[in-house]
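Engineer: Sequential numbering from 586 applies to the sequence shown in this note's numbering. Positions of the beta carbon are idealized from the N, C-alpha and C atoms, including for glycine. On a predicted model such as this, the values are computed, not experimentally measured, just so you know.
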Amino acid sequence: MIDSRLLDIMACPACKGPLQLQRDASVLVCRFDRLAFPVRDGIAVMLEAEARVLPVDAPLLAR
């Protein structure tokens, strides 16, 4: 999917905070902004317009 070295340097485009890869959902999650950025064909789509806003109780935020 995404190389772990690349994941270490990637940041949320909105807040510049850390991202967590959720492999089963194919998304990168920013817990602070509650955004889920899609990963398509192994490439992270880091556009705020493409991100989903997650509800406060979303399971992706609990991990």
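For A636, I'd like the list of residues in its chain whose CB is within less than 7 Å of its CB, leaving aside the five on either flank, ordered along the chain.
Structural biologist: If we look at A636 and ignore the five residues flanking it on each side, its Cβ neighbours are L620, A621 and F622.
Engineer: Would you say I587 and V614 are within 9 Å of each other, going by their C-beta atoms?
Structural biologist: No.
Engineer: Measure the beta-carbon distance from R653 to Q605 and round it to whole angstroms, keeping in mind my assumption that it falls under 8 Å.
Structural biologist: Since the displayed the chain opens at 586 and closes at 648, residue 653 lies outside it and no answer follows.
Engineer: What are the uninterrupted segments assigned as beta strand (DSSP E) that are 3 or more residues long and contained completely in the segment 594-645, given in chain order?
Structural biologist: Entirely contained in the segment 594-645, the beta strand (DSSP E) runs reaching 3 residues are, in chain order, 605-607, 612-615 and 620-625.
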